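Numbering (my numbering), first residue to last: 153 to 619.
Worksheet: the structure to be examined is printed underneath.
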């Protein structure tokens with residue numbers, strides 16, 4: 153028996169809003185249109201309108217708008233006569249839009265995103281005008297990029313983390329809409345430059361006298377240090393003095409406004425008593441990327457440079473020290489002792505310079521043990537030791553003192569191993585968690601007047617019999 157069958161009309165799917173080469177992080181949707189009524193499957197990520205407000209739930213249609221989570225193969229099935237006809241199409245979308253419909257502005261809730269599910273490290277996040285997202289304390293958020301539109305907002309709470317594989321873009325010129333609270337972290341794993349300003353806060357413990365100095369560094373580009381505590385009604389800064397360490401004379405000198413230089417730290421006097429807050433405010437484009445910071449060295453017994461953590465994330469200064477190893481002879485560009493100024497252990501309202509060996513320097517030795525060893529400032533001049541002990545994790549905004557081991561030395565700041573989400577951090581600016589310690593002996597020397605100095609003797613796998 154011979155059966156003759158008339159061919160059915162082929163199913164054809166055409167795509168719109170999806171030209172070749174379009175960044176799959178940027179498109180709003182892909183319009184799928186068939187040449188006859190068809191049922192699409194799966195239905196996830198499909199909508200009946202270009203505003204993506206009405207999900208497609210099934211039934212015969214000729215047009216749908218696709219916005220899947222990642223790459224999705226869709227099948228359109230139609231019926232021509234007695235025969236089923238179908239076609240498939242692959243739609244890729246790596247854009248996440250914050251819609252904030254559940255529990256307010258919480259980043260970590262699936263329903264607050266379109267497509268639903270919290271973004272992963274390979275997703276591009278868009279926060280549209282009128283929406284504000286918040287990364288809550290102890291949460292770790294991820295994205296490839298984050299784009300905050302003008303009139304939108306993003307807040308990273310204290311002890312919250314945002315980790316990006318690329319960049320942050322803030323389209324609001326004010327910079328007030330993207331806020332990183334004190335001890336919040338913005339970490340990036342590549343050298344991609346950020347776009348647009350943000351506001352980053354740093355809680356600083358201020359004294360009653362308002363005469364002390366703190367070692368600080370800006371984590372954003374362009375911030376003048378004299379204005380980090382704001383200005384009075386007349387526009388005058390609350391901070392009166394910003395000092396830089398002049399390496400050739402080994403003395404601190406007035407530096408005016410404290411112009412931003414990437415990697416440069418300053419000694420900033422506390423704001424005067426008219427200031428009633430407790431936070432330094434840094435506003436500018438968040439710093440990112442690998443760079444070398446040249447160190448000044450003029451003579452023996454000199455070489456002290458004031459630097460700090462230049463990033464809007466915590467950093468590991470043990471790794472900074474390891475990066476400073478000279479590949480030619482295994483020497484190091486800097487001395488292993490890194491100094492932190494503990495103003496609570498000091499009642500002399502003056503900055504002396506790197507040659508000051510006195511009461512208010514806490515020291516982190518990066519060569520002792522697998523993570524280094526910290527010793528607190530001993531205190532003196534009727535000031536007790538505070539017990540604040542630096543470890544290998546340095547908080548955002550924290551400055552410290554290094555000493556170059558000769559001419560043409562440098563600090564090699566790197567995004568990779570140095571930047572970290574570790575919140576254990578130096579207790580100079582935050583909560584002190586249990587430190588990772590090697591085996592060590594502690595020796596305390598006490599004088600009749602009550603001055604106590606602590607020293608650590610550390611033994612570890614890389615140690616040698618030499619002193």
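Even glycine gets a Cβ: it sits at the ideal position worked out from N, Cα and C.
As the structure is a prediction and not an experimental result, all values here were calculated from the model.
(request) Starting from residue 469, trace the alpha helix (DSSP H) both ways and give me its first and last residue. (result) Along the chain shown, one-based indexing puts residue 469 at 317. Per DSSP, residue 469 belongs to the alpha helix (DSSP H) from 469–475.
(message) For residue 265 and residue 249, I'd like the C-alpha separation in whole angstroms.
(response) Indexing the chain shown from 1 puts residue 265 at position 113. Indexing the chain shown from 1 puts residue 249 at position 97. One C-alpha to the other measures close to 6 Å.
(request) Between the Cα of residue 334 and those of 610, 321, 325 and 352, spot the shortest distance and give me the residue it belongs to. (result) Taking the chain shown and counting its residues from 1, one reaches residue 334 at position 182. Among 610, 321, 325 and 352, the Cα nearest to that of residue 334 is on 352.
(request) Using three-state DSSP, classify residue 431 as helix, strand or coil. (result) What you label residue 431 is simply residue 279 of the chain shown in a count that begins at 1. Correct three-state label for residue 431: strand.
(request) Using a threshold of 8 Å, state whether the C-beta atoms of residue 569 and residue 471 are closer than that. (result) In the chain shown, the residue the question calls residue 569 occupies position 417. In the chain shown, the residue the question calls residue 471 occupies position 319. In this structure, residue 471 lies closer than 8 Å to residue 569 by Cβ.
(request) Using a Cβ cut-off of 8 Å (strictly closer), state whether residue 447 contacts chain B. (result) Absent from the structure: chain B. Only one protein chain is present.
(message) Is it buried or exposed, residue 254, if we count other Cβ atoms within 10 angstroms and call 16 or more buried?
(response) Here residue 254 refers to the residue found at position 102 when the chain shown is read from its first residue. It counts as exposed.
(request) Helix, strand or coil for residue 199, going by three-state DSSP, please let me know. (result) By one-based count along the chain shown, residue 199 stands at place 47. Of the three classes helix, strand and coil, the one that applies to residue 199 here is strand, per DSSP.
(request) Counting only the same chain and skipping the five closest in sequence on each side, list residues whose C-beta sits under 7 Å from that of residue 518. (result) Your numbering for residue 518 matches position 366 in the chain shown. So the qualifying residues of the chain are 469, 470, 473, 488, 490 and 524.
(message) Quick check: residue 277 and residue 298, are their CB atoms within less than 8 Å of each other?
(response) The residue given as residue 277 occupies position 125 in the chain shown. The residue given as residue 298 occupies position 146 in the chain shown. Cβ atoms of residue 277 and residue 298: closer than 8 Å.
(request) Kindly indicate which residue of 303, 356 and 310 has the alpha-carbon position closest to the one of residue 326. (result) Within the chain shown, the letter at position 174 stands for residue 326. Closest by alpha carbon: 303.
(request) State yes or no: is the C-beta of residue 418 within less than 8 Å of the C-beta of residue 410? (result) On the chain shown, residue 418 is found 266 positions in, with the first residue counted as 1. On the chain shown, residue 410 is found 258 positions in, with the first residue counted as 1. The answer is yes: Cβ separation under 8 Å.
(message) Beta-carbon within less than 6 Å of residue 188's beta-carbon, same chain only, minus the 5 sequence neighbours each way: which residues are those?
(response) As a first step, residue 188 is located in the chain shown; it is residue number 36 there, counting from the start. Cβ neighbours of residue 188 beyond the five flanking positions: 230.
(message) Spatial neighbours of residue 436 within its chain, please: C-beta separation below 8 Å, excluding the five flanking residues on both sides.
(response) In the chain shown, residue 436 corresponds to position 284, counting from 1. Correct list, in chain order: 327, 349, 350, 370, 372, 373, 374, 375 and 412.
(request) Using alpha carbons as the reference points, say which of 426, 414 and 403 lies closest to residue 386. (result) One-based indexing of the chain shown puts residue 386 at position 234. Closest by alpha carbon: 426.
(request) Just confirm the distance between the C-beta atoms of residue 443 and residue 565, as a whole number of angstroms; I'd bet it's less than 8 Å. (result) Start at 1 with the first residue of the chain shown, and residue 443 comes out as number 291. Start at 1 with the first residue of the chain shown, and residue 565 comes out as number 413. Rounded, the Cβ-Cβ distance is 5 Å, consistent with contact.
(request) Go through the stretch 263–290 residue by residue and report every complete run of the alpha helix (DSSP H) that reaches 4 residues or more, in order. (result) none
(request) Go ahead and label residue 186 buried or exposed: buried means 16 or more other beta carbons lie within 10 angstroms of its beta carbon, across all protein chains shown. (result) What you label residue 186 is simply residue 34 of the chain shown in a count that begins at 1. With 16 or more Cβ atoms within 10 Å of its Cβ, residue 186 is classed as buried.
(request) Let me know if residue 329 comes out buried or exposed under the rule of 16 or more other beta-carbons within 10 Å of its beta-carbon. (result) Within the chain shown, numbered from 1, the residue matching residue 329 stands at position 177. Under this definition residue 329 is a buried residue.
(request) Hey, could you find the ends of the beta strand (DSSP E) residue 294 is sitting in? (result) Taking the first residue of the chain shown as position 1, residue 294 is located at position 142. Counting along the chain, the beta strand (DSSP E) containing residue 294 begins and ends at 292–295.
(message) Rounded to the nearest angstrom, what separates residue 183 and residue 211 at their Cα positions?
(response) Looking up residue 183 in the chain shown gives position 31. Looking up residue 211 in the chain shown gives position 59. Cα to Cα, the separation comes out at about 17 Å.
(request) Grab me the residues of residue 228's own chain with a C-beta within less than 8 Å of its C-beta, minus the 5 sequence neighbours each way, in chain order. (result) On the chain shown, position 76 is the one that residue 228 refers to. Cβ neighbours of residue 228 beyond the five flanking positions: 163, 165, 184, 186, 190, 191, 192, 238, 239, 240 and 241.
(message) Just to confirm my understanding: we take residue 455, look at its own chain, exclude 5 residues before and 5 after, and list those with CB closer than 6 Å. What are they?
(response) Along the chain shown, one-based indexing puts residue 455 at 303. Excluding residues within five positions, the ones whose Cβ falls inside 6 Å are 449, 555 and 556.
(request) Compare the C-alpha of residue 504 against each of 365, 306, 310 and 452 and name the closest. (result) Taking the first residue of the chain shown as position 1, residue 504 is located at position 352. Cα-wise, what sits closest to residue 504 is 365.
(message) Alpha carbons only, please: which of 422, 559, 429 and 314 is nearest the one belonging to residue 478?
(response) Counting from 1 along the chain shown, the entry for residue 478 is found at position 326. Residue 478 has its Cα closest to that of 559, out of 422, 559, 429 and 314.
(message) Does residue 495 come out as helix, strand or coil in the three-state DSSP assignment?
(response) As a position in the chain shown, residue 495 is number 343, starting the count at 1. Residue state, collapsed to three classes: helix.
(message) Could you give the first and the last residue of the continuous beta strand (DSSP E) run that contains residue 191?
(response) Within the chain shown, the letter at position 39 stands for residue 191. Per DSSP, residue 191 belongs to the beta strand (DSSP E) from 182–193.
(request) Following the continuous beta strand (DSSP E) through residue 222, name the residue where it begins and the one where it ends. (result) Within the chain shown, residue 222 is the residue found at index 70, counting from 1. Residues 222–232.
(message) Using a Cβ-Cβ cutoff of less than 6 Å, which residues in the same chain neighbour residue 363 once the five nearest sequence positions on both sides are dropped?
(response) Here residue 363 refers to the residue found at position 211 when the chain shown is read from its first residue. These residues qualify, in order along the chain: 501.
(request) Figure out for me which residue from 389, 464 and 360 has the closest Cα to the Cα of residue 575. (result) In the chain shown, the residue the question calls residue 575 occupies position 423. Answer by Cα proximity: 464.
(message) Here's the rule: buried if 16 or more other CB atoms are within 10 angstroms of the residue's CB, otherwise exposed. What is residue 543?
(response) In the chain shown, the residue the question calls residue 543 occupies position 391. It counts as buried.
(request) Determine the closest residue to residue 395 out of 405, 388, 526 and 549, with distance taken between C-alpha atoms. (result) Working through the chain shown from its first residue, we reach residue 395 at position 243. With distances taken between Cα atoms, residue 395 lies closest to 405.
(message) Within a Cβ cutoff of 6 Å, which residues of the same chain sit near residue 252, ignoring the five residues on either side of it in sequence?
(response) Sequence index remark: in the chain shown, residue 252 carries index 100 (1-based). These residues qualify, in order along the chain: 264 and 283.
(message) Need the endpoints of the beta strand (DSSP E) that residue 502 sits in, please.
(response) Translated into positions along the chain shown, residue 502 becomes position 350. First-last for residue 502: undefined, no H or E at that position.
(message) Please state whether the Cβ-Cβ distance between residue 247 and residue 273 is less than 8 Å.
(response) Taking the first residue of the chain shown as position 1, residue 247 is located at position 95. Taking the first residue of the chain shown as position 1, residue 273 is located at position 121. Taking 8 Å as the Cβ cut-off, residue 247 and residue 273 do not qualify as a contacting pair.
(request) Counting only the same chain and skipping the five closest in sequence on each side, list residues whose C-beta sits under 8 Å from that of residue 194. (result) Taking the first residue of the chain shown as position 1, residue 194 is located at position 42. Same-chain partners within the cutoff: 224 and 226.
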